[in-house]
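K.L.:
Using our numbering, you'd call the opening residue of the sequence shown number 148 and step up by one each time.
Glycine included, C-beta positions come from ideal geometry on N, C-alpha and C.
As the structure is a prediction and not an experimental result, all values here were calculated from the model.
Okay, handing you the structure first.
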Amino acid sequence: MLQKICLIIFLVTVAFSNFVEAANKPKVAVMDLGEFSGAYTSEVNTEKVGTMVVEYILEALTDDGRFMVIDRELYEKQLNEKNLQKAGLISPSRAGEIAKILGVDYLIYGNFSSLTGKDGIFEVLKYSSGGRLYEIQAKIIIRIADSKDDKGHLIAMAEGVGISKSSQVKAGTNTVSITIGTAKIPQESVHNAAKKAAYDAVANLLKNLPENFFN
148 MLQKICLIIF LVTVAFSNFV EAANKPKVAV MDLGEFSGAY TSEVNTEKVG
198 TMVVEYILEA LTDDGRFMVI DRELYEKQLN EKNLQKAGLI SPSRAGEIAK
248 ILGVDYLIYG NFSSLTGKDG IFEVLKYSSG GRLYEIQAKI IIRIADSKDD
298 KGHLIAMAEG VGISKSSQVK AGTNTVSITI GTAKIPQESV HNAAKKAAYD
348 AVANLLKNLP ENFFN
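Laid out in structure tokens, this is it:
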């Protein structure tokens, strides 16, 4: 009996400790990424890439563990009801306003700056077997603003770069692909490049935060 009581006390203590720790973490929400004009080449099908990038950013922030990351489904309805701009070029003051409405301490927003081949072209590398390897490069820019007052403050910004290499898909396969010239490249390569760019951007953003930001 005593062992059971001790176990219950231990579990309650751990649960309370975790609750306090989570409550002390700064709350952050992530907006959909906008697109700069010309961010994508006309030959690239970017279906669902923008949405997935936000998920990758949320994953990276959750993995870091220092923010309380708000599930986007919890604030998506609020954004829609208030007809708030959800993507693109957002001013720090507007970001601060949105953060207040959502009840978070910080808002992360940004843009796809480019999704192209490395060095501006889709680089074709020949295998010894005569096959081809395509390099896709994604670049994104993210910013973080606070909700401390009506003006909002841009605290930090960062760029993330991701490169994915992929061999050409054979005609007639079931792989979802994009077209580069006459070649078909797996759509997964685009998402891989975007994911790497998202994680790189978050890592760089965390480095660019002011010293003692989490203290």
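Determine, using beta carbons only, whether L205 and V175 come nearer to each other than 7 Å.
P.N.:
Going by C-beta atoms, L205 is not nearer than 7 Å to V175.
K.L.:
With a cut-off of 8 Å on the beta carbons, I'd call P173 and Y222 a contact; round off their distance for me.
P.N.:
Not confirmed; about 16 Å, so no contact.
K.L.:
Leaving out five residues on either side along the sequence, give the residues of the same chain with a beta carbon under 7 Å from the beta carbon of V368.
P.N.:
Absent from the structure is residue 368, since the part of the chain shown begins at 148 and ends at 362.
K.L.:
My assumption, with CB atoms under 8 Å, is that V337 sits in contact with L262. Please give the rounded CB distance.
P.N.:
Between L262 and V337 the Cβ distance is about 7 Å, and since that is below 8 Å, they are a contact.
K.L.:
Would you list the one or two residues that DSSP bridges to N227?
P.N.:
N227 pairs with nothing; no bridge assigned.
K.L.:
Assign M178 to one of three DSSP states: helix, strand, or coil.
P.N.:
Three-state result, M178: coil.
K.L.:
Distance, Cα to Cα, A345 vs A285?
P.N.:
Rounded to the nearest angstrom, the two C-alpha atoms are 9 Å apart.
K.L.:
Classify D293: buried if its beta carbon has 16 or more other beta carbons within 10 angstroms, exposed otherwise.
P.N.:
Under this definition D293 is a buried residue.
K.L.:
Give me the Cα-Cα distance between I245 and I302, rounded to the nearest whole angstrom.
P.N.:
Taking the straight line from one Cα to the other gives about 15 Å.
K.L.:
Does K286 come out as helix, strand or coil in the three-state DSSP assignment?
P.N.:
K286 falls in the strand class under three-state DSSP.
K.L.:
Just to confirm the assignment, what range does the alpha helix (DSSP H) spanning N362 have?
P.N.:
Per DSSP, N362 belongs to no alpha helix (DSSP H) and is neither H nor E.
K.L.:
According to DSSP, F259 sits in a beta bridge with which residue or residues?
P.N.:
Beta-bridge pairing links F259 to E182, I287.
K.L.:
First and last residue of the alpha helix (DSSP H) that includes A173?
P.N.:
The question names Ala, yet the displayed sequence has Pro at residue 173. Here P173 belongs to no alpha helix (DSSP H), and DSSP marks it neither H nor E.
K.L.:
Evaluate D210 with the Cβ neighbour count: other Cβ atoms within 10 Å of its Cβ, from every protein chain shown; 16 or more gives buried, anything less gives exposed.
P.N.:
By the neighbour-count rule (16 or more Cβ atoms within 10 Å), D210 is not buried but exposed.
K.L.:
In whole angstroms, give me the CA-to-CA distance for N359 and L353.
P.N.:
Cα to Cα, N359 sits roughly 11 Å from L353.
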